[in-house]
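Taking numbering that gives the first Met the number 0, the leading residue of the sequence shown gets 0, the next gets one more, and so forth.
Quick notes on the structure that follows.
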Amino acid sequence: MSVTLNKLIASVFIAMVPLISQAQDGIRPLAPGCEKRYVLSFQDDAPGFFVDKNNNKNGTAYELLLEIVRRLGCKSTEQITPYLKNKENFQRNKSDIYALSTQDKEMDKVADFVEMYSFPRSLVVSKKDSNDKDTVATLLKNPKIIFGNVTGGFLFIQPQERLELEAKHRLREFTGPTSVFNALLEGRIQATFSSPAFTYYFITREKKMDQFRAIPDPQGGLYHAGFYLARKRLTEAERGKIREIIHEIRADGTLLKIAAKYVNPEDLVYYKPIGSF
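Structure (structure tokens):
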């Protein structure tokens, strides 16, 4: 064997030593990068998604979806549409992950719902049309109070409440949350049900809270917010992996960190890692 060949063999052996050692330690080289491109579906309305004055994308749904894809190590395509179109596209299997949403019977037929957090609703009502003694129950019965809601959806309004308000012509519907709260701020409606994120974005952030009351509704139960994972577009293994990541995002405090930008400090309790409060 020539001297040159001996040197070549020696060089290859030296180069392989670290790999052999890694294998013995249970460490493996990183797997090839993710080739799948996930289609992310979310509503083009705040606070789930909005573009700030510096042309930067923001929003709870937007940031959480990007965090999921980042942890998957994959690329993504954003499908940003109005509420009804967004829901319709997802039901027609045009996207992989839909956020953020409360559980919906129609969506349950085509996708798995994965909860991320729960929160109570409140009723935001104009101070000039209410008083300190008012409750959700009294305002629902007050014929002078016109409520706002999203067309084709439930902005934290319960089905029976919706039917009763519609029957009395006391419900106005709008294309999205921004339109609902604009109507509230302009006095075209007097009240709407809300979540911590909606109240912060549309009322507190605009320094308008002195004009409104946010009445807690302990009898209204909790609303569960999360993600829908398309069954026809995602394998069972893929859905399982995404489900794990969603749970990790809350458990490691990432959800709380993101929520701190979008809700009032007193509402952060709903976004903390489970067991930390």
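C-beta: ideal position from N, C-alpha, C; glycine also.
Please state if the CB of residue j and the CB of residue i are separated by a distance shorter than 8 Å.
i    : j    : result
F146 : L164 : yes
Q102 : F112 : yes
L139 : V124 : no
R230 : V109 : yes
M106 : Y227 : yes
E172 : V135 : no
I200 : Y261 : In the sequence as displayed, the identity of residue 200 is Tyr instead of Ile. Yes, Cβ-Cβ distance for Y200 and Y261 is below 8 Å.
A311 : F41  : With the chain covering 0 to 276 only, the question about residue 311 has no answer from this structure.
I67  : I244 : yes
L71  : C33  : yes
A250 : P264 : no
I202 : R169 : no
K207 : L184 : yes
K277 : P142 : Absent from the model: residue 277. The displayed extent of the chain is 0 to 276, so no value can be given.
T76  : V50  : no
Just reading off the beta strand (DSSP E) that residue i is part of, what are its end residues?
i    : result
A98  : I96 to T101
L39  : R36 to Q42
I214 : F211 to P215
A224 : L221 to A229
N55  : Taken as a continuous stretch (DSSP letters only), N55 belongs to no beta strand (DSSP E), as it is neither H nor E.
G147 : F146 to V149
R171 : L170 to F173
From which residue to which residue does the alpha helix (DSSP H) around residue i run?
i    : result
L164 : P158 to A166
R238 : E235 to A250
V135 : V135 to K140
T198 : P195 to T198
F180 : P176 to L184
L255 : T253 to A258
If residue i sits next to residue j, beta carbons under 8 Å apart, how far is it from one beta carbon to the other, in whole angstroms?
i    : j    : result
G225 : E114 : 4 Å
L267 : D95  : No, L267 and D95 are not in contact; Cβ-Cβ is about 29 Å, not under 8 Å.
K74  : R36  : 5 Å
A190 : L122 : 6 Å
Examine chain B for any beta-carbon lying closer than 8 Å to the beta-carbon of residue i, and answer yes or no.
i   : result
R91 : The question asks about chain B, but that chain is absent: this structure has only one protein chain.
Report the residue ranges of all alpha helix (DSSP H) runs contained in full by the segment 66 to 130; include only those spanning at least 4 residues, in chain order.
82 to 90 and 104 to 107
Are the segment 43 to 57 and the segment 171 to 180 touching by the rule of at least three beta carbon pairs closer than 8 Å?
yes
Using 8 Å as the cut-off, can you tell me whether the segment 190 to 198 makes contact with the segment 107 to 127, which would need three or more C-beta pairs spanning the two stretches below that distance?
yes
The segment 134 to 154 in contact with the segment 53 to 64 per 3-pair CB rule at 8 Å:
no
At least 3 beta-carbon pairs within less than 8 Å: the segment 203 to 221 vs the segment 76 to 83:
Under the 8 Å Cβ criterion, the segment 203 to 221 does not count as touching the segment 76 to 83, having fewer than three qualifying pairs.
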